[in-house]
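Asker: Chains as they are written, first to last, in the numbering used here: chain F, 78 to 283; chain L, 78 to 283; chain P, 78 to 283.
Following this message is one structure expressed as structure tokens.
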Amino acid sequence: MSTALVVLDLVGIAAFALSGALVAVRKPLDVFGVLVLAGATGLGGGFLRDVLIGATPPAALQDWRYLLVPFVAGLVAFRFHPALGRVEREIAVFDAAGMGLFCVTGAVKSLEYGLEPPAAALMGMVTAIGGGVIRDVLAGRVPVVLREELYAFPALLGAILAVTADEAGLHGGWVLIPGAVFAFTYRMVALRRGWQAPLPPGMDGY
Amino acid sequence: MSTALVVLDLVGIAAFALSGALVAVRKPLDVFGVLVLAGATGLGGGFLRDVLIGATPPAALQDWRYLLVPFVAGLVAFRFHPALGRVEREIAVFDAAGMGLFCVTGAVKSLEYGLEPPAAALMGMVTAIGGGVIRDVLAGRVPVVLREELYAFPALLGAILAVTADEAGLHGGWVLIPGAVFAFTYRMVALRRGWQAPLPPGMDGY
Amino acid sequence: MSTALVVLDLVGIAAFALSGALVAVRKPLDVFGVLVLAGATGLGGGFLRDVLIGATPPAALQDWRYLLVPFVAGLVAFRFHPALGRVEREIAVFDAAGMGLFCVTGAVKSLEYGLEPPAAALMGMVTAIGGGVIRDVLAGRVPVVLREELYAFPALLGAILAVTADEAGLHGGWVLIPGAVFAFTYRMVALRRGWQAPLPPGMDGY
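The structure is reproduced here in structure tokens:
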């Protein structure tokens with residue numbers, strides 16, 4: 078289980094890092110801006126969670142593979158961005174997988190650090206959306222997860238599922254898999270069908 | 078005393094959350110963006126203080142009422158923003174009350190965590206303005222407390238009063254109330270009279 | 078050694094604070110905005126490092142000189158910004174010196190807190206560029222170190238030199254000085270010759 082989790086974790090970080098790097102390439106930022114955005118997007122959500130729950134230094138700073146993956150993803154995006162742009166829909170699948178994974182692992186880690194279930198579910202969502210929020214703030218735009226993309230809600234629901242399963246006394250994959258699969262599936266359907274979250278009443282003509 | 082403090086704390090957080098949610102409604106962000114901005118504005122200042130002084134996980138993550146209040150405030154603002162927009166001056170009163178409270182409680186908490194008086198006063202100000210700064214950064218605008226609103230200065234003075242009272246050996250309400258009342262009153266007068274902080278010499282024609 | 082380090086540290090913080098204050102003056106922000114940007118730019122990189130490596134409260138919150146220096150720098154910039162604007166190239170020298178110092182001291186402090194060498198080098202870079210990134214985010218612009226200035230790369234190389242020297246068993250100045258001098262020199266040459274980091278292939282016509 079553990080090896081599978083690390084591999085999935087790194088795949089999710091790579092997808093997040095690619096999304097950050099592609100935003101940077103399109104500004105365009107320079108090569109170091111691309112690498113910084115790749116790193117901040119790939120690792121930022123976990124950093125934010127770890128700093129808030131008091132799990133410092135963050136796990137990613139204690140394992141070189143977590144630093145290498147966004148670095149390589151950033152270089153690849155810098156060099157091959159036209160080709161990557163053509164497979165952006167495929168990258169979105171890995172990004173959704175990363176989101177599904179991070180919302181449940183973030184929630185479970187927060188429970189392990191003593192947070193109550195509602196706070197742990199919230200931290201699961203923060204883990205999943207934090208990197209994208211940091212990416213957009215650094216790139217000078219309002220975070221897309223707050224205005225266009227149905228992203229935070231699937232992450233929150235996935236985290237709630239994981240917290241509920243944990244509270245119900247389940248273990249291991251029974252805690253992680255249902256929430257991760259649900260969040261991933263919801264996100265993919267929302268992407269394919271163009272679902273968006275409701276705008277405030279009276280403001281949807283903008 | 079303690080119950081009164083918690084109630085005031087929650088009222089201040091609700092006012093901050095409403096201000097964040099109204100900014101989000103007017104962008105407009107979607108319902109999740111409104112909720113995230115409500116939460117980040119209501120709780121962000123305290124989170125920032127707790128992370129900096131090493132008081133993690135932040136208190137608000139250990140008490141579900143602190144999560145429920147911004148959530149409800151965000152939903153109310155999402156649904157009833159036209160009505161809320163008409164009572165925005167009244168919301169500003171509660172916002173000023175929250176600011177007055179947070180600057181003194183933030184300063185005292187920082188003293189309790191071993192900070193020296195000048196740093197504790199600064200952390201009191203950070204507690205009071207942090208949520209608004211995060212709100213504006215997420216909404217893609219330069220923080221209003223840095224350019225338009227006389228807000229940071231009353232918060233800093235209130236925090237200095239609280240730190241000074243604590244250093245003088247006073248206790249409980251004698252530490253908290255003068256600074257809170259002063260910061261609140263100063264802020265309200267500044268709001269009503271349209272006081273603004275001075276611009277750099279030669280730049281006020283902008 | 079220690080006194081020299083503190084003096085250099087404060088000189089670097091002053092230069093960073095001046096750069097933050099000048100950005101604020103030119104928006105223009107008001108006097109409190111100028112002071113907040115001076116403080117955030119001068120101390121933000123160290124705060125970010127200390128929060129990430131778990132060294133809270135940050136050292137600067139435990140020594141009033143570290144709070145006084147950006148405060149005074151902010152006031153000076155507010156009042157005398159036209160004169161400061163004329164010596165901006167000279168300020169850039171001190172800024173480069175601060176960058177050179179912070180990348181090595183940040184890396185060494187991170188090693189002391191148990192980080193592995195690659196993560197420590199990264200944290201050295203974060204220490205050196207963090208204040209400028211926070212400055213630009215608060216001022217509503219995409220961080221210049223990500224798109225225009227050759228700044229992050231010298232900082233990273235300087236941090237790598239320091240980490241390598243430490244790993245090689247060297248001590249004191251032998252760890253700090255080569256990396257600091259290298260980063261400073263590289264930065265100064267880049268500034269004088271207008272070197273910029275490469276843009277993504279195909280995007281350099283923007």
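Even for Gly, the Cβ is constructed at its ideal location relative to N, Cα and C.
Between the segment 150-160 of chain P and the segment 160-175 of chain L, do three or more beta carbon pairs fall short of 8 Å?
Answerer: Output reads no: the segment 160-175 of chain L does not touch the segment 150-160 of chain P.
Asker: When you compare the segment 261-277 of chain L with the segment 112-128 of chain P, are there three or more beta-carbon pairs, one atom per stretch, that lie closer than 8 Å?
Answerer: No contact exists between the segment 261-277 of chain L and the segment 112-128 of chain P.
Asker: Out of L:Pro194, L:Val100, L:Leu82, L:Leu178, state which residue places its alpha-carbon closest to the alpha-carbon of Pro277 (chain F).
Answerer: Checking every option, the nearest Cα to that of Pro277 (chain F) belongs to L:Val100.
Asker: Do we get a CB-CB distance below 7 Å when we pair Val108 (chain P) with the residues of chain F?
Answerer: By this cut-off, Val108 (chain P) is not an interface position.
Asker: Which residues mark the beginning and the end of the alpha helix (DSSP H) in which Thr204 (chain L) is found?
Answerer: 194-215 is the extent of the alpha helix (DSSP H) around Thr204 (chain L).
Asker: Using beta-carbon positions only, say whether Ala239 (chain L) and Val181 (chain L) come within less than 7 Å of one another.
Answerer: Result yes, Cβ atoms of Ala239 (chain L) and Val181 (chain L) sit closer than 7 Å.
Asker: Flag Leu276 (chain L) as yes if its beta-carbon sits less than 7 Å from any beta-carbon of chain P, otherwise no.
Answerer: Cβ-Cβ to chain P under 7 Å: yes for Leu276 (chain L).
Asker: Exposed or buried, Thr80 (chain P), counting other C-beta atoms within 10 Å across all chains shown (16 or more means buried)?
Answerer: Label assigned to Thr80 (chain P): exposed.
Asker: Quick check: what's the CA-CA separation for Trp251 (chain F) versus Thr241 (chain F)?
Answerer: If you take the alpha carbons of Trp251 (chain F) and Thr241 (chain F), they lie about 11 Å apart.
Asker: Which of the residues in the segment 205-238 of chain P, read from start to end, lie with their CB under 8 Å from any CB of chain L?
Answerer: Within the segment 205-238 of chain P, the qualifying residues are Val214, Leu215, Ala216, Gly217.
Asker: Are any of the Cβ atoms in chain L nearer than 7 Å to that of Val83 (chain P)?
Answerer: By this cut-off, Val83 (chain P) is not an interface position.
Asker: Determine, for Ala184 (chain L), whether the minimum Cβ-Cβ distance to residues of chain P falls below 7 Å.
Answerer: Output row for Ala184 (chain L): interface = no.
Asker: Beta-carbon of Trp141 (chain L) versus every beta-carbon of chain F: anything under 7 Å?
Answerer: At least one chain F Cβ lies under 7 Å of Trp141 (chain L).
Asker: What is the DSSP secondary structure of Thr133 (chain P), reduced to helix, strand or coil?
Answerer: In the structure shown, Thr133 (chain P) sits in coil (DSSP, three-state: anything other than H, G, I, E or B).
Asker: Is it right to say Arg224 (chain L) is buried, meaning 16 or more other beta carbons lie within 10 angstroms of its own, or is it exposed?
Answerer: Its Cβ being crowded by 16 or more others within 10 Å, Arg224 (chain L) is buried.
Asker: Confirm the yes/no value for this check: CB of Ala245 (chain F), any heavy atom of the ligand NAP, distance under 6 Å.
Answerer: Summarising the ligand content, the structure contains no ligands, and the ligand NAP is consequently not present.
Asker: If you draw a straight line from the alpha carbon of Glu193 (chain F) to that of Met202 (chain F), how long is it in whole angstroms?
Answerer: Computed Cα separation, rounded: 15 Å.
Asker: In the DSSP assignment, find the unbroken alpha helix (DSSP H) run with Met265 (chain F) in it and report its ends.
Answerer: Note, Met265 (chain F): alpha helix (DSSP H), 250-270.
Asker: Pairing CB atoms from the segment 140-158 of chain L with CB atoms from the segment 143-150 of chain P, are three or more of them under 8 Å?
Answerer: Because the criterion of three Cβ pairs below 8 Å is not met, the segment 140-158 of chain L and the segment 143-150 of chain P do not touch.
Asker: Who are the neighbours of Thr118 (chain F) on chain P, taking C-beta pairs under 8 Å?
Answerer: Chain P residues near Thr118 (chain F): none, gap ~13 Å exceeds 8 Å.
Asker: Roughly how many angstroms lie between the CA atoms of Ala245 (chain P) and Pro275 (chain L), to the nearest whole one?
Answerer: Roughly 53 Å separates the two Cα atoms.
Asker: Spatial neighbours of Gly122 (chain P) within its chain, please: CB distance less than 7 Å, with the 5 preceding and 5 following residues excluded, ordered by chain position.
Answerer: Excluding sequence neighbours, Gly122 (chain P) sits near Phe179, Val203, Thr204, Ala205, Ile206, Gly207, Gly208.
Asker: Mapping the DSSP letters down to three states, classify Asp107 (chain F) as helix, strand or coil.
Answerer: Correct three-state label for Asp107 (chain F): coil.
Asker: If you follow the alpha helix (DSSP H) that Asp172 (chain L) is in, where does it begin and where does it stop?
Answerer: Looking at the DSSP string, the run of the alpha helix (DSSP H) that includes Asp172 (chain L) is 165-189.
Asker: Would you please verify whether the beta carbon of Ala196 (chain F) is less than 7 Å from any beta carbon of chain L?
Answerer: Taking Cβ atoms only, chain L reaches closer than 7 Å to Ala196 (chain F), which makes this a yes.
Asker: For Val214 (chain F), is the classification buried or exposed, using 16 other Cβ atoms within 10 angstroms of its Cβ as the cut-off for buried?
Answerer: Label assigned to Val214 (chain F): buried.
Asker: Who are the near neighbours of Gln273 (chain P) in its chain, counting only those whose CB is closer than 7 Å to its CB and skipping five residues on each side?
Answerer: Around Gln273 (chain P): Glu225, Leu227.
Asker: Mind listing which residues of the segment 88-99 of chain F have their C-beta closer than 8 Å to chain B's C-betas, in chain order?
Answerer: Included in the structure are the protein chains F, L and P, with no chain B among them.
Asker: Do you know offhand how far Phe109 (chain L)'s Cα is from Phe230 (chain F)'s?
Answerer: Spanning the two alpha carbons is a distance of roughly 7 Å.
Asker: Report buried or exposed for Gly89 (chain F), applying the criterion of at least 16 other Cβ atoms within 10 angstroms of its Cβ.
Answerer: Answer is buried; the Cβ neighbour count reaches 16.
Asker: With Glu244 (chain F) as the anchor, note down where its alpha helix (DSSP H) starts and where it stops.
Answerer: It spans 229-244 - the alpha helix (DSSP H) in which Glu244 (chain F) sits, taken as one unbroken run.
Asker: Assign Val219 (chain L) to one of three DSSP states: helix, strand, or coil.
Answerer: Reduced to three states, the DSSP call for Val219 (chain L) is coil.
Asker: Take Phe148 (chain L) as the anchor and find which of L:Met280, L:Val84, L:Phe93 has the nearest alpha-carbon.
Answerer: Checking every option, the nearest Cα to that of Phe148 (chain L) belongs to L:Phe93.
Asker: Using beta carbons (cut-off 7 Å, strictly below), is Phe148 (chain P) in contact with chain L?
Answerer: By this cut-off, Phe148 (chain P) is not an interface position.
Asker: Is Ala98 (chain F) near Met176 (chain F), with beta carbons less than 7 Å apart?
Answerer: No, the Cβ-Cβ distance between Ala98 (chain F) and Met176 (chain F) is not below 7 Å.
Asker: Verify the CB distance criterion: does Gly131 (chain F) have a CB-CB separation below 7 Å to chain L?
Answerer: Answer yes: the Cβ-Cβ gap between Gly131 (chain F) and chain L drops below 7 Å somewhere.
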